[in-house]
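Sequential numbering of the sequence shown, starting at 1, is according to our numbering.
Built from N, CA and C at the ideal position, the CB exists for glycine as well.
A short write-up of the structure that comes next.
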Amino acid sequence: MTSKNEYIEVTKIEEIGEGMRVCLDFIDVLDPDDGLYVGNTGHGYVKVLSENRESDGYPPRPFRINCGAFHQYLYQKEKTYYLHELNPGESLFLSGKEDRELPLGRVKVEKRPFVRIECQTEEGMISATLQKSSSVYVMEENEGELPLLSLEIGHRLLGIKDKPGRHLGAQVDEVIWEK
């Protein structure tokens, strides 16, 4: 399966409790539509946008992307990384008006409440575990930049479908089941 950006329909949203979340702070200003693709499994990923906008109770943080739970995959072209294994100084590819590579200045991990989002596709389910916060935004097909707290079943989020089966982040051909 070729990975490409497309809109996927939200079929379930549930609060699942507290855990460790990862914010990635870059060394330069991010655009509001800059983001990264994260997901619970290798089936696919959801785009999370930069914090380059004011939100309820939070000033803009134009250098940050709140990527959600630290167990998740971060999609980077042909490879994935676990969020917990990223380090300052590493460069990541950002998806935006123009895709670009930018180094991390800091990786910030803190305990926060989470929401699990599930999206159904013809090939199966894509899910992400994101911080329940007014500062977390996703890209919705009709509404554009949408705060996570306004997300509803039936919304269509920008995501990437992928084929599961990875070893040390690289795609491998094997039988694998992930939920």
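Residue i, buried or exposed, once every other Cβ within 10 Å from all chains shown has been counted against 16
i, result
"Ile-160", "buried"
"Arg-106", "exposed"
"Asn-5", "exposed"
"His-71", "exposed"
"Ser-133", "buried"
"Asn-66", "buried"
"Gly-39", "buried"
Residue i - DSSP class collapsed to helix/strand/coil
i, result
"Glu-85", "helix"
"Leu-149", "helix"
"Glu-140", "strand"
"Lys-161", "strand"
"Ser-95", "strand"
"Gly-105", "strand"
"Lys-132", "coil"
"Lys-4", "coil"
Residue(s) in a DSSP beta bridge with residue i
i, result
"Thr-121", "Gly-124"
Alpha carbon of residue i to alpha carbon of residue j, nearest angstrom
i, j, result
"Glu-98", "Val-109", "28 Å"
"Asp-196", "Leu-49", "Any answer about residue 196 is impossible in this case: the structure gives the chain only from 1 up to 179."
"Tyr-75", "Cys-23", "15 Å"
"Pro-113", "Glu-14", "11 Å"
"Leu-148", "Val-115", "9 Å"
"Arg-53", "Pro-103", "21 Å"
"His-155", "Glu-90", "33 Å"
"Glu-118", "Phe-93", "24 Å"
"Ser-135", "Leu-151", "13 Å"
**3 or more residues per run - each beta strand (DSSP E) lying fully within the segment 6-91** = 35-39, 44-49, 64-69, 73-76, 79-82
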